[in-house]
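Notes for the one structure printed next.
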């Protein structure tokens with residue numbers, strides 16, 4: 017290639033590179049413009065979404081206020097005195113306001129425990145104009161909350177079945193509604209429910225039982241915690257071992273004072289090297305300072 021041809025080739029390369037740079041610059045400018053437009057659209061959508069959510073919340077709040085004002089009865093509150101839980105017949109106190117009370121109205125509190133649909137009627141006491149109260153006997157069994165967890169060595173953790181928890185929840189629940197009658201008119205509130213199992217937990221705490229399964233033996237760790245408003249103490253714990261339905265042994269689970277905090281809010285019991293055998297069933301017996309005894313199958 018002679019010098020003249022070389023010069024023409026170089027000029028051609030320079031022109032091509034210049035055109036490429038101009039095209040890339042133009043393309044980059046357009047891409048940046050598109051990105052800015054996308055960001056603007058995204059910000060606008062976010063702004064619209066926030067506005068819609070705010071308006072929805074305001075409408076929801078306004079509707080709740082409207083329905084509350086239009087309701088013929090105020091909310092029902094339930095209270096229990098933790099100091100009365102360990103008496104022979106503890107009660108739960110319910111209070112509510114009847115806004116549209118007619119003269120000589122008959123106000124009744126209807127309640128039922130567990131799965132029962134046979135509601136008991138309890139006449140309400142009027143504390144002051146339109147404010148009513150009833151004291152309902154707590155018939156739910158007051159007991160500790162059991163949490164049994166099986167820990168298999170080198171494998172997984174099996175917790176207490178959800179079905180058993182749901183059954184216990186329904187057994188410890190109170191259903192209720194209010195009726196107000198005057199003349200030939202009867203008005204009733206919707207059926208509500210309260211879970212009363214927490215009252216037993218306040219009194220006796222939580223009994224968390226960890227079952228450690230090894231190849232040839234079993235270890236048990238039991239922790240009692242969550243007792244803050246009661247003078248009850250877990251005083252003794254026993255392990256009852258069954259083969260089928262036959263009681264094989266009964267052994268005390270020692271209290272581990274070193275692993276238990278001094279404030280008494282958690283008490284730990286441990287028993288290890290329990291021999292495994294076929295058709296084995298394990299039951300924990302917990303004895304409290306008030307004399308109450310509770311048993312629970314944990315394995």
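In the working numbering, the protein residues as written are 17 to 315.
All C-beta atoms in this analysis are idealised placements derived from N, C-alpha and C, irrespective of residue type, glycine included.
| request: For the stretch 124 to 140 and the stretch 157 to 169, state whether three or more C-beta atom pairs, one from each stretch, are separated by less than 8 angstroms. | output: no
| request: Taking only the alpha-carbon atoms, compute the straight-line gap between residue 85 and residue 145 and give it to the nearest angstrom. | output: Because residue 85 sits at a pLDDT of 45, beneath the cut-off of 50, its placement in the model cannot be relied upon, and the following sentence gives the value as read from the coordinates. In a straight line, the C-alpha of residue 85 is about 18 angstroms away from that of residue 145.
| Using the rule of at least 16 other Cβ atoms within 10 Å of the residue's Cβ for burial, across every protein chain shown, is residue 239 buried or exposed? | buried
| request: Buried or exposed for residue 314, please, with buried defined as at least 16 other CB atoms from any protein chain shown within 10 angstroms of its CB. | output: By the 10 Å Cβ count, residue 314 comes out buried.
| query | Which residue or residues does DSSP assign as beta-bridge partners of residue 335? | reply | In the structure as shown, the chain starts at 17 and stops at 315, and residue 335 therefore has no counterpart that could be examined.
| request: For my contact list, residue 154 and residue 110 are in at a C-beta cut-off of 8 angstroms; report their separation, rounded to the angstrom. | output: Residue 154 to residue 110, Cβ: 12 angstroms. No contact.
| Residues near residue 272 in its chain [Cβ-Cβ closer than 8 angstroms; skip 5 each side] | 284, 285, 286
| message | Which same chain residues end up closer than 8 angstroms to residue 210 when comparing Cβ atoms and leaving out the 5 residues on each side of it in sequence? | response | 94, 108, 189, 190, 192
| field | Integer-rounded CB distance, given that residue 216 should sit under 8 angstroms from residue 241 | value | Under the criterion of beta carbons closer than 8 angstroms, residue 241 and residue 216 do not qualify as touching, at roughly 14 angstroms.
| said: Quick check on residue 79: buried or exposed, where buried means 16 or more other Cβ atoms within 10 Å of its Cβ? | reply: Bear in mind that the predicted position of residue 79 carries a pLDDT of just 49, short of 50, making it unreliable; the figure below should be weighed with that in mind. Residue burial is scored here from C-beta neighbours: residue 79 has fewer than 16 other C-beta atoms within 10 angstroms and is therefore classed as exposed.
| request: For residue 35, count neighbouring C-beta atoms within 10 Å of its own C-beta (all shown protein chains included) and say buried if the count is 16 or more, exposed if not. | output: Looking at its Cβ environment, which holds fewer than 16 other Cβ atoms inside 10 Å, residue 35 is exposed.
| field | Opening and closing residue of the alpha helix (DSSP H) in which residue 284 lies | value | Unbroken run through residue 284 is the beta strand (DSSP E), 282 to 291; no alpha helix (DSSP H).
| query | Tell me which same chain residues have a C-beta within less than 8 angstroms of the C-beta of residue 96, skipping the five on either side of it? | reply | 106, 107, 108, 109, 154, 215
| field | Cα-Cα separation between residue 234 and residue 269, rounded to whole angstroms | value | 13 angstroms
| field | When 29, 156, 194, 52 are compared against residue 8, the one with the closest alpha-carbon | value | Look at the range of the chain in this structure, 17 to 315, and you will see that residue 8 is not part of it.
| field | Cβ pair residue 291, residue 254 closer than 8 angstroms | value | no
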